[in-house]
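Visitor: Have a look at this one.
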Amino acid sequence: MLCYSWLNFILSEECIISLRTIGVNRVKLQIGKGIFNSDVRNRVFNGVVADEGSGVSYDLPVEYYRYKPSIREDIENSLVVVGHCGAGTCLEVLRLGKPFIAVINDTLMNNHQEELALALSEGLHLLHCTPSSLSSTLQNPGLFTLIPFEPPSQKRVAALIDQRMAVSR
Amino acid sequence: MFFVFFTVVAFILWGILLATGYLTYLVRHSNHRNKHLPKKKQISVMAVMGSGGHTMEMLDLIKELGVEYTPRDYILAETDQLSEQKVLEFEKLRDLGSFTIQKIPRSREVGQSYLSSVSTTTVAFWFALKQVWDSNPDLVLLNGPGTCVPIAIAAALLDMIRIRDTVLIYEESICRVKQLSLSAAILYYSGLVDEVVVQWPELKSKYPRTTLIQDLPDVVEMVISDSELDSKNK
Chain A
61 MLCYSWLNFI LSEECIISLR TIGVNRVKLQ IGKGIFNSDV RNRVFNGVVA
111 DEGSGVSYDL PVEYYRYKPS IREDIENSLV VVGHCGAGTC LEVLRLGKPF
161 IAVINDTLMN NHQEELALAL SEGLHLLHCT PSSLSSTLQN PGLFTLIPFE
211 PPSQKRVAAL IDQRMAVSR
Chain B
140 MFFVFFTVVA FILWGILLAT GYLTYLVRHS NHRNKHLPKK KQISVMAVMG
190 SGGHTMEMLD LIKELGVEYT PRDYILAETD QLSEQKVLEF EKLRDLGSFT
240 IQKIPRSREV GQSYLSSVST TTVAFWFALK QVWDSNPDLV LLNGPGTCVP
290 IAIAAALLDM IRIRDTVLIY EESICRVKQL SLSAAILYYS GLVDEVVVQW
340 PELKSKYPRT TLIQDLPDVV EMVISDSELD SKNK
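Line order of the protein sequences matches chains A and B. Quick note on numbering: the first sequence equals residues 61 to 229 in my numbering. Quick note on numbering: the second sequence equals residues 140 to 373 in my numbering.
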């Protein structure tokens, strides 16, 4: 599983307990430009943080890296994905059919990137939460009964263009 | 005195001319237009590519277009290496008809001052006009980035003065749920594009002249499964 910002939250005792409850046995983080706070740095990673590495948080193995060209493989191998609610991330995770929790960053309210995450959660395609409610959302039984999301087919638009261009099929 | 009189009259006449040009453009680009378009064997396409997600969405659409849609001109921002790579990959896999990649300067970089953005926008518009003239597209596909507005205006202008016939289709990104992006709003309110396709019902109710993708007729595909083929062969 992966996440971007609010990294420190997911490594808190509360969240780790929730993760264990739903059967997670390893945490993988794509941290981007994220920074671990000093508590996490010392407790999990023995005070050393580079571009990639690993540690243990409350007996749960944790791995992290900054960027990868494609995180598709990591998504495919995961039980549940936690991420920011950027449109690209949402769509990629849903396309691969993984349960997804989009964490809404309180400081970025009214960002139009969030529109999509909220609309998708209204359709029960994903769950969304704030960093502080992440732990309880992880234990939400709805997480594993989300409805797969099919984006509308572009064939319809192509047919509209055919009609407009007077192309008959 | 005469000078003032003629200046005023000239202004009024120009105003009437431009308004007429614009109004006839709107009528020509109304829904019933396709009946009058000559049937063409080949339809040249100009696709204005954005960055990242926009590029992928545009390629998803182009993938569904038939063999008639050739040649294709992809318009990219000068600085966008990644999209160029994506387009080349896509066309290599598809291997259908011919295509070119054209680059135009960005109309506005983030954080640019207002005054200098006036001059760069003028330059961008000039490039767009030249590009549309050279490519001579029958169909212009747009989906979001700022570069698409100068292209749309250029294509519409050439259509307005009746030296080109162009259909403009704008498809809003799936990321837009509640509000049209700025480029889409400009094109929607000015009526320069033939269609604005949106992907969420909320947008359709807020902007009634858009087309909701779910409202379009579903395309029934002829899928013949292996078992049916076998029974036919027997």
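Even for Gly, the Cβ is constructed at its ideal location relative to N, Cα and C.
1) Please classify LYS343(B) as buried or exposed, where buried requires at least 16 other C-beta atoms within 10 Å of its C-beta.
2) Counting contacts by CB-CB distance shorter than 9 Å, is GLY54(A) in contact with chain B?
3) Verify the CB distance criterion: does LEU186(A) have a CB-CB separation below 9 Å to chain B?
4) Leaving aside the five residues before and after PRO204(A) along the sequence, list all residues of the same chain whose C-beta is less than 7 Å from its C-beta, in chain order.
5) Using only alpha-carbon positions, find the residue among VAL316(B), CYS314(B), ALA323(B), VAL184(B) that is nearest to GLN270(B).
6) Going by CA-CA distance only, name the one from VAL206(B), VAL187(B), GLY191(B) that's closest to GLN181(B).
7) Tell me, please, whether the region 190 to 204 of chain A touches the region 306 to 326 of chain B by the rule of three or more beta-carbon pairs shorter than 8 Å.
8) Looking at chain B, which residues of the region 78 to 95 of chain A have a Cβ within less than 7 Å of any of its Cβ atoms?
9) Strictly under 9 Å for the Cβ-Cβ distance: is SER181(A) near chain B by that measure?
10) Going straight from the alpha carbon of PHE96(A) to that of LEU67(A), what length do you get?
11) Counting C-beta neighbours from all protein chains within 10 Å, is the total for PHE105(A) 16 or more, i.e. buried, or is it exposed?
12) Mind checking whether THR239(B) and PRO276(B) have CB atoms under 9 Å apart?
13) Along the region 206 to 219 of chain A, where does the CB come closer than 8 Å to a CB of chain B? Name the residues.
14) Can you give the beta carbon distance from LEU120(A) to ILE161(A), rounded, assuming they're within the 8 Å contact cut?
15) Determine, using beta carbons only, whether SER78(A) and LEU187(A) come nearer to each other than 9 Å.
16) Cβ of VAL227(A) less than 9 Å from any chain B Cβ?
17) Applying the criterion that 16 or more other CB atoms from any shown protein chain within 10 Å of the CB defines a buried residue, is ASN282(B) buried or exposed?
18) Helix, strand or coil for MET185(B), going by three-state DSSP, please let me know.
19) In whole angstroms, give me the CA-to-CA distance for VAL217(A) and VAL227(A).
20) Whose Cβ in chain A lies nearer than 8 Å to the Cβ of VAL336(B)?
21) Going along the chain, which residues of its own chain have a beta-carbon closer than 8 Å to the beta-carbon of PRO208(A), five neighbours each way excluded?
22) Use the C-beta contact count for LEU198(B): other C-beta atoms within 10 angstroms, 16 or more gives buried, fewer gives exposed.
23) Does at least one heavy atom of the ligand GDP sit under 8 Å from the Cβ of VAL166(B)?
24) Roughly how many whole angstroms lie between the Cα atoms of VAL336(B) and ILE308(B)?
25) For TRP129(B), which option in ILE290(B), TRP339(B), SER329(B) has the closest C-alpha, if you only look at C-alpha atoms?
26) If contact means a Cβ-Cβ distance below 9 Å, which residues of the region 216 to 248 of chain B contact chain A?
27) One question on the structure: do ASP219(B) and MET188(B) come within less than 9 Å of each other, judged by their Cβ atoms?
28) Return the CA-CA distance between ILE363(B) and ALA219(A), expressed in angstroms with no decimal places.
29) What separation, rounded to the nearest whole angstrom, lies between the Cα atoms of ASP222(A) and ILE76(A)?
Guide: Judging by the given coordinates:
1) buried
2) Shown here, chain A extends from 61 to 229; a query on residue 54(A) therefore has no answer.
3) no
4) A small fix is needed here, since residue 204(A) is Phe in this sequence, not Pro. Answer for PHE204(A): PRO159, listed in chain order.
5) VAL184(B)
6) It is VAL206(B) whose Cα lies nearest to the Cα of GLN181(B).
7) no
8) none
9) no
10) The straight-line gap from Cα to Cα measures roughly 7 Å.
11) By the 16-neighbour rule on beta-carbons within 10 angstroms, PHE105(A) is buried.
12) no
13) Only those residues of the region 206 to 219 of chain A whose C-beta falls short of 8 Å from the nearest C-beta of chain B are listed: PRO211, PRO212, SER213, GLN214, LYS215, ARG216, VAL217, ALA218, ALA219.
14) Wrong, their Cβ atoms sit about 17 Å apart, outside the cutoff.
15) no
16) yes
17) Result: buried.
18) For MET185(B), the three-state secondary structure derived from DSSP is strand.
19) Here the alpha carbon of VAL217(A) sits roughly 13 Å from the alpha carbon of VAL227(A).
20) Near VAL336(B) (Cβ distances below 8 Å), the residues of chain A are VAL217, LEU220.
21) LEU154, GLY157, HIS185
22) buried
23) Ligands in the displayed structure: none, and consequently the ligand GDP is not present.
24) 8 Å
25) The requested residue 129(B) is not part of the displayed model; chain B covers only 140 to 373.
26) none
27) yes
28) Confidence in ILE363(B) is poor, its pLDDT being 47 and thus under 50, which makes the residue's placement too unreliable to answer from.
29) 53 Å
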